[in-house]
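**Student:** Using the numbering used here, count along the sequence shown one by one with no gaps and you end on 413. For each residue, glycine too, the CB sits at the ideal point set by N, CA and C. A quick note: this is a predicted structure, and the numbers were derived from the prediction, not measured.
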Amino acid sequence: MKIYYRISNNSEKKERLSNATKEHCLTIFLREFDREDNQIEIVADNVTEKKLKDFIFSQQKKNLSIEETALGNTQSFKYVLKKACQLDDLDEMIFFAEDDYLYLPNSDQVLKEGLGRADYVSLYDHPDKYQDGLNPFVKDGGEKTKVILTQSSHWKFTNSSTMTFASQVKTLKADYKLWERRLVDTYPYDFKAFRDLRRRGRKLITPIPSLSTHAEPKFLAPLIDWSRV
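The structure is reproduced here in structure tokens:
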């Protein structure tokens, strides 16, 4: 699997769990995804803090490369999307990861299992799928879905996710123009992009319970004490 991990200390300022520093999130990410069969590329976008930059470069190794950019949120994603679409192996699994997520053990295995069942996979069971008013496709505390099972996890089909997700090169190439239409502002229109994909017939799944969370307290994946991760 090819992984693109985007990190910046100049991203949108949001409240985050006290344990979810940029350094800790990267450490947890590498604990789960630094595997011999994964190639990791860290894109350090507008990283200006010396402490963070030193920490990032201390992780460099054979299967982990680092590139510095100054693109911003949307354009840095577009940059790694283009890089993924230029890969020759159409079946290569691609994971786009942001710098403010936490992961539970076995995330790598479960993510790869999910890509055997859907076009797009997120490990984040977003709480907006259980709250009326946050997501227009949620009613009475849930969305219409189907639950499936892989070796290590239950999954549900869902209507949208964030910019931390996995797919394959062939899928991303086919969907590139669709993604490009939603990468025009300071922040990517992720909800609209996944709705476009669903209308195109693409399937998106997330594990239940979640194996990952965005670190913003009001959007933590349910049923897990993420402050202890």
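1) Helix, strand or coil, according to DSSP, for Thr355 in the structure here?
2) Quick one: residues in its chain with C-beta nearer than 8 Å to the C-beta of Ala399, no 5 flanking neighbours on either side, listed in chain order?
3) Between which two residues does the beta strand (DSSP E) harbouring Leu333 extend?
4) Comparing C-alpha positions only, which one of Ala254, Leu255, Ser192, Asp316 sits nearest to Lys235?
5) Gln298 by DSSP, collapsed to three states: which one?
6) Quick check on Ala254: does DSSP put it in helix, strand or coil?
7) Here's the rule: buried if 16 or more other CB atoms are within 10 angstroms of the residue's CB, otherwise exposed. What is Val264?
8) May I have the straight-line CA-CA distance separating Phe241 from Glu225, to the nearest angstrom?
9) Give the secondary structure of Leu236 by DSSP, where H, G and I count as helix, E and B as strand, and everything else as coil.
10) Give the single residue among Lys186, Met347, Asn194, Lys402 whose Cα lies nearest to the Cα of Asp275.
11) Keeping to the same chain, check which residues put their C-beta closer than 6 Å to that of Val413; ignore five residues upstream and five downstream.
12) Identify which residue in Asp238, Thr258, Ser337 has its Cα closest to the Cα of Ile389.
13) For Leu318, count the other beta carbons within 10 Å of its own beta carbon; 16 or more makes it buried, fewer makes it exposed. Which is it?
14) Does the Cβ-Cβ distance between Thr253 and Asp238 come in under 7 Å?
**Tutor:** Considering the structure as presented:
1) Translated into the one-based positions of the sequence shown, residue 355 becomes position 171. Helix at Thr355.
2) Within the sequence shown, numbered from 1, the residue matching residue 399 stands at position 215. Beyond the five residues adjoining it in sequence on each side, Ala399 comes within less than 8 Å, by CB distance, of Arg200, Leu201, Ala204, Cys209, Asp284, Tyr285, Leu286, Trp410 in the same chain, given in chain order.
3) As a working note, residue 333 is residue 149 in the sequence shown. First-last of the beta strand (DSSP E) with Leu333: 331-333.
4) Against the sequence shown, residue 235 aligns to sequence position 51. Minimum Cα distance to Lys235 is reached at Ser192.
5) The residue labelled residue 298 in the question sits at position 114 within the sequence shown. It should be noted that the sequence gives Gly, not Gln, for residue 298. In the structure shown, Gly298 adopts helical secondary structure according to DSSP, grouped into three states.
6) Position 70 of the sequence shown, counting from 1, holds the residue named residue 254. Here Ala254 carries a coil assignment [DSSP, helix/strand/coil].
7) As a position in the sequence shown, residue 264 is number 80, starting the count at 1. Buried.
8) Your numbering for residue 241 matches position 57 in the sequence shown. Your numbering for residue 225 matches position 41 in the sequence shown. Distance between the alpha carbons of Phe241 and Glu225 is about 12 Å.
9) Taking the first residue of the sequence shown as position 1, residue 236 is located at position 52. Looking at Leu236 - three-state DSSP - the assignment turns out to be helix.
10) Here residue 275 corresponds to residue number 91 of the sequence shown, with the count starting at 1. Nearest neighbour of Asp275 by Cα position, chosen from Lys186, Met347, Asn194, Lys402, turns out to be Lys186.
11) In the sequence shown, the residue the question calls residue 413 occupies position 229. Once the five neighbours on either side are set aside, the close Cβ partners of Val413 are Leu286.
12) To locate residue 389, count along the sequence shown from 1; it is residue 205. Looking from the CA of Ile389, the closest CA among Asp238, Thr258, Ser337 belongs to Ser337.
13) Along the sequence shown, one-based indexing puts residue 318 at 134. Classification for Leu318: exposed.
14) In the sequence shown, counting from the first residue as 1, residue 253 sits at position 69. In the sequence shown, counting from the first residue as 1, residue 238 sits at position 54. No, these two residues do not count as a Cβ contact at 7 Å.
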